[in-house]
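S.K.: Residue numbers (the numbering used here), protein chains in the order written: chain A, 46 to 416; chain B, 12 to 293. The beta-carbon is built from N, C-alpha and C at its ideal position, and this holds for glycine as well. Take this structure, written in structure tokens, and hold onto it; I'll ask about it next.
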Amino acid sequence: MRAHADPAVLLPIDGLPALLAALGRDGYRCIGPAVEKGAIVMRELDGNDALPRGLQAEQGPGHYRLVADPHNRYFAWANGPQALKPLFFAPQETLWRAGRGDDGALRFEAVLPEAPKLAVIGARACDLAALALQDAHFLRPERVDAHYAARRARLFLVAVQCAVPAATCFCGSTGDGPVPTAGYDITLAELPEGFVAHAGSDAGRALLATLDLAPATPRQLDAVQVQGEAAAAAQARALPGKDLHDALMRRLDHPRWDEVAMRCLACGNCTAVCPTCFCHAEFDQPALDGASSTHQRVWDSCFGESHGHLHGFNVRPDIRTRYRQWLTHKLAGWHAQFGRSGCTGCGRCIAWCPVGIDLTGEVAALMAEQP
Amino acid sequence: MNTQMRFDAGAPHAATVVARTQESPSIFTLRLRLDDAAAQEAYRFAPGQFNMLYLYGVGEVPISIMSDPEDRDGIGHTIRALGRVTQGLAKLRPGDRVGLRGPFGRGWPLQEISGCDLVIVTGGLGCAPVVSVIHYVLRRRERFGKLVIIQGVKHADDLLWREQYEAWAKLPHTQVLVAANEGAAFWPWHVGRVTELFGLARFDPACAVAMMCGPEGMMHAAAANLLERGLPASRLFLSMERNMQCAVGRCGHCQLGGAFVCRDGPVFNWGEVQPLLAHRGF
């Protein structure tokens with residue numbers, strides 16, 4: 046575990062409302078966990094919402110159930126279907142608007158989103174790593190995405206160390222968790238008596254200072270370290286390496302691609318829940334009166350028919366080539382694009398796949414035979 | 012790359028159709044001028060780059076720029092009416108309005124040809140991205156060696172700019188090799204596969220650059236032939252086509268392995284894309 050420069054403090058177990066109130070005083074709208082339709086979702090918390098407590102997320106291939114946590118913890122659920130992605134890369138939004146005057150001339154104007162100050166409570170290490178990857182894509186210095194940047198600029202992140210990884214988690218093998226090490230303003234580790242809190246930024250430091258908290262004891266710091274090590278050790282799934290580029294690109298004609306294509310429904314759930322997938326389609330939505338038209342973008346998936354469409358033919362006409370595109374982009378193409386794999390080990394694509402296709406299992410099957 | 016202006020990737024610029032030419036039953040050329048005179052004056056592109064053309068209320072399509080980069084009055088786009096947007100663009104007439112974003116992508120490596128022979132291989136309607144190179148070379152003829160233009164079409168009627176090919180064929184140090192799988196009356200060129208003509212191309216493999224665009228199968232065959240004749244792979248380039256919606260390496264549709272075709276291409280060195288072109292689906 047990383048040594049923190051800042052001394053740790055202890056937020057009492059009943060201190061979360063005080064933390065939310067302090068963020069509210071600083072003008073943040075708080076986004077945090079809530080139970081909705083049997084899953085943990087991230088949504089805006091109003092002042093009266095109590096954070097869910099005593100829940101674990103039991104996950105497996107094609108399986109997600111909330112079950113009781115015997116220790117009645119706040120953050121014993123590993124994750125839900127959403128990562129941080131929808132908060133910054135909106136599922137659908139207007140990019141620009143075209144208007145047509147009486148003389149037929151077109152006028153174009155950019156449409157930028159309203160971007161409130163947001164504080165996110167409960168970001169996991171895998172989500173912070175995924176956010177850094179989305180930043181690398183949308184905030185490329187040569188071509189910054191104005192819509193993403195507007196939402197991303199005013200963010201306060203409260204991270205949580207995972208104590209109870211789901212059976213689908215494999216962030217230990219991607220190097221992204223379970224202990225948050227960067228990219229947060231405050232990180233919390235939950236113990237029975239409270240949350241050991243570290244600041245990771247000036248904003249986090251200033252916020253913790255307003256709460257007037259006691260220092261964490263050496264025993265509490267030890268307990269946090271043991272908890273992080275145990276969470277890493279408890280992970281049952283893994284990828285066989287952090288850089289699978291060459292190994293995968295040598296197996297483009299492997300029979301496993303045909304086999305997985307027989308099971309894959311090409312529904313795109315995996316790309317929707319993936320915290321790093323960035324593909325989006327653009328389309329026009331003309332107004333009924335014909336006087337204007339908005340140009341929109343909407344999340345797209347490489348499993349869709351239209352993703353590889355090219356005048357008169359489809360670059361990826363079948364599920365075999367689409368699944369292979371997804372997996373080789375995620376685990377190989379990203380190395381060329383962003384200097385690392387596009388997978389942070391959150392396991393969402395495994396849990397939310399309706400037929401339970403397991404990314405780690407597919408990689409293992411591909412690797413089992415020499416190319 | 013030259014110092015072209017990078018327009019904002021957000022909203023397009025308003026542009027007006029200043030001329031329209033019907034090239035064949037389904038192919039037409041639109042000459043556009045940006046409505047903002049200063050923007051039109053500042054607009055620069057490199058041969059091989061493309062623009063996103065916007066049809067009001069319908070959407071955008073990526074279209075290669077086929078005009079001469081020195082021509083500052085207008086920007087030429089040769090388009091085949093095939094999909095929703097291009098069929099709409101086909102109905103436009105001079106005076107009609109569109110939106111334009113661009114130029115985007117990496118063009119042809121013109122600086123690499125200096126003093127050497129240039130072999131241009133195109134198939135089907137893929138010629139638009141290289142027509143601006145041909146214009147570019149012909150205007151600066153003294154800087155280049157031999158110019159070899161190899162063009163294949165399915166049917167003789169598919170050859171655009173036929174008079175132009177005939178005129179090019181009469182120029183010194185210029186060789187034009189055209190083939191149609193199906194000929195027609197008064198077809199002066201070869202009938203058969205374009206690959207049958209490669210052996211006739213006269214160029215110095217030790218000092219030549221090849222540029223290809225068109226169907227990927229044709230480019231494969233052309234590459235094999237050119238490499239066999241001793242052209243180094245490092246001097247073989249091609250223009251790739253993929254689904255493009257944002258044009259700035261963001262929407263993800265045009266990815267070819269780790270490359271974004273819209274941003275890292277559309278022009279690539281053969282070695283950059285050959286390993287993936289061998290596998291259908293990328």
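Check the Cβ of B:Arg261 against every Cβ in chain A and list those closer than 8 Å, keeping chain order.
M.R.: Within 8 Å of the CB of B:Arg261, the CB atoms of chain A belong to His182, Phe183, Arg188, Asp190, Phe323, His325, in sequence order along the chain.
S.K.: Give the interface partners of B:Ala234 over in chain A, defined as CB-CB distance under 8 Å, in chain order.
M.R.: Under the 8 Å cutoff, chain A gives no residues; its nearest Cβ is about 19 Å from B:Ala234.
S.K.: Suppose only complete runs of 3+ residues qualify. What are the beta strand (DSSP E) ranges in the stretch 185-270 of chain A, listed by chain order?
M.R.: Within the stretch 185-270 of chain A, the runs of beta strand (DSSP E) that reach at least 3 residues and sit entirely inside it are, in chain order, 200-205, 231-236, 239-244.
S.K.: Does the CB of B:Met16 have a neighbour CB from chain A at under 9 Å?
M.R.: With a pLDDT of 37 at B:Met16, under the threshold of 50, the modelled position of that residue is not reliable, and the figure given next carries that caveat. Closer than 9 Å: no.
S.K.: Verify the CB distance criterion: does A:Arg154 have a CB-CB separation below 9 Å to chain B?
M.R.: Residue identity check: residue 154 of chain A is Glu in the sequence provided, not Arg. With 9 Å as the cut-off, A:Glu154 counts as an interface residue toward chain B.
S.K.: Is B:Gln186 helix, strand or coil by DSSP?
M.R.: strand
S.K.: Roughly how many angstroms separate the alpha carbons of B:Thr14 and B:His24, rounded to a whole number?
M.R.: Here the model assigns B:Thr14 a pLDDT of 34, short of 50, so the residue's position is not dependable, and the following value carries that caveat. Rounded to whole angstroms, B:Thr14 to B:His24 spans 19 Å at the Cα level.
S.K.: Rounded to whole angstroms, what is the Cα-Cα separation between A:Gly82 and A:Cys214?
M.R.: Checking the sequence, you will find Lys at residue 82 of chain A rather than Gly. Between A:Lys82 and A:Cys214, the C-alpha separation is close to 22 Å.
S.K.: Which residues does DSSP list as the beta-bridge partners of B:Leu43?
M.R.: B:Val28, B:Ile86
S.K.: Reducing DSSP to helix, strand and coil, say where A:His356 ends up.
M.R.: coil
S.K.: Going by C-alpha to C-alpha distance, which of A:Asp230, A:Gln330, A:His340 sits closest to A:Gly245?
M.R.: Minimum Cα-Cα distance from A:Gly245 among the listed residues A:Asp230, A:Gln330, A:His340 corresponds to A:Asp230.
S.K.: Enumerate in chain order the residues of its own chain whose CB-to-CB distance from A:Met46 is below 7 Å, with the five nearest sequence positions on each side excluded.
M.R.: Bear in mind that the predicted position of A:Met46 carries a pLDDT of just 44, short of 50, making it unreliable; the figure below should be weighed with that in mind. The residues are Val224, Gln270, Gly273.
S.K.: Using a C-beta cutoff of 9 Å, does B:Val109 count as contacting chain A?
M.R.: yes
S.K.: Would you kindly check if the distance between the Cβ of A:Phe358 and the Cβ of A:Phe134 is under 9 Å?
M.R.: no
S.K.: Can you tell which of B:Leu129, B:Val72, B:Ala48, B:Tyr147 has its C-alpha closest to the C-alpha of B:Cys218?
M.R.: B:Leu129
S.K.: Would you say A:Trp122 reaches chain B, if we count a Cβ-Cβ gap shorter than 9 Å as a contact?
M.R.: Output row for A:Trp122: interface = no.
S.K.: Counting only runs of 3+ residues fully inside the stretch 324-369 of chain A, write out the beta strand (DSSP E) ranges in chain order.
M.R.: 325-331, 337-344
S.K.: Anything in the stretch 351-372 of chain A with a Cβ closer than 7 Å to a Cβ of chain B? List those residues in chain order, please.
M.R.: Taking 7 Å as the Cβ-Cβ cut-off against chain B, the residues of the stretch 351-372 of chain A that qualify are His352, Gly353, His354, Leu355, His356, Gly357, Val360, Arg361, Thr366, Arg369, Gln370.
S.K.: Rounded to whole angstroms, what is the Cα-Cα separation between A:Leu64 and A:Ala53?
M.R.: About 15 Å.
S.K.: At a Cβ threshold of 9 Å, is B:Glu252 touching chain A?
M.R.: yes
S.K.: Check whether the Cβ atoms of A:Phe383 and A:Leu178 lie closer than 9 Å to each other.
M.R.: yes
S.K.: Mind pulling the chain B residues with CB within less than 7 Å of A:Leu151?
M.R.: What A:Leu151 touches in chain B: Ala25, Tyr67, Arg108, Gly110.
S.K.: Taking the CB atoms as reference points, tell me whether B:Met77 and B:Val142 lie closer together than 9 Å.
M.R.: yes
S.K.: Where does B:Met16 fall in DSSP's three states?
M.R.: In this prediction, B:Met16 has a pLDDT of 37, which is less than 50 and means its spatial position is unreliable; nothing more can be read from the coordinates.
S.K.: With a 10 Å radius around its C-beta and 16 neighbouring C-beta atoms as the bar for buried, classify B:Met12 as buried or exposed.
M.R.: Model confidence at B:Met12 stands at a pLDDT of 33, short of 50, so the residue's coordinates are unreliable; what they give is reported in the following sentence. With fewer than 16 Cβ atoms within 10 Å of its Cβ, B:Met12 is classed as exposed.
S.K.: A:Val112 to B:Gly70, Cα distance in whole Å?
M.R.: A:Val112 and B:Gly70 have their alpha carbons spaced roughly 47 Å apart.
S.K.: Please report the distance separating the alpha-carbon of B:Pro80 from that of B:Val148.
M.R.: 11 Å
S.K.: Are the C-beta atoms of A:Cys319 and some chain B residue less than 9 Å apart?
M.R.: Using a CB distance cut-off of 9 Å, A:Cys319 does not count as an interface residue toward chain B.
S.K.: Tell me, to the nearest whole angstrom, how far the beta carbon of A:Val165 is from that of A:Gly125; I am working on the premise that it is less than 8 Å.
M.R.: With 8 Å as the limit, A:Val165 and A:Gly125 do not qualify as a contact, their Cβ atoms being about 13 Å apart.
S.K.: On a Cα-Cα basis, can you pick out the residue from A:Ala279, A:Arg250, A:Gly222 that is closest to A:Arg169?
M.R.: A:Gly222
S.K.: At 9 Å on the CB atoms, spell out the chain A contacts of B:Glu71, in chain order.
M.R.: Glu327, Asp329, His340
S.K.: What residues of chain B sit near A:His380, judged by a beta carbon separation below 9 Å?
M.R.: Gly269
S.K.: Which residues in the same chain as A:Asp303 place their Cβ atom closer than 6 Å to its Cβ, once the five residues preceding and following it in sequence are excluded?
M.R.: Arg365
S.K.: Which of helix, strand or coil does DSSP assign to B:Ala221?
M.R.: strand
S.K.: Indicate whether at least one CB of chain A lies closer than 9 Å to the CB of B:Asn13.
M.R.: Only weak support exists for where B:Asn13 lies, its pLDDT of 33 falling under 50; the coordinates are left without a value.
S.K.: If you measure beta-carbon to beta-carbon, which residues of the stretch 28-46 of chain B are closer than 9 Å to chain A?
M.R.: Asp46
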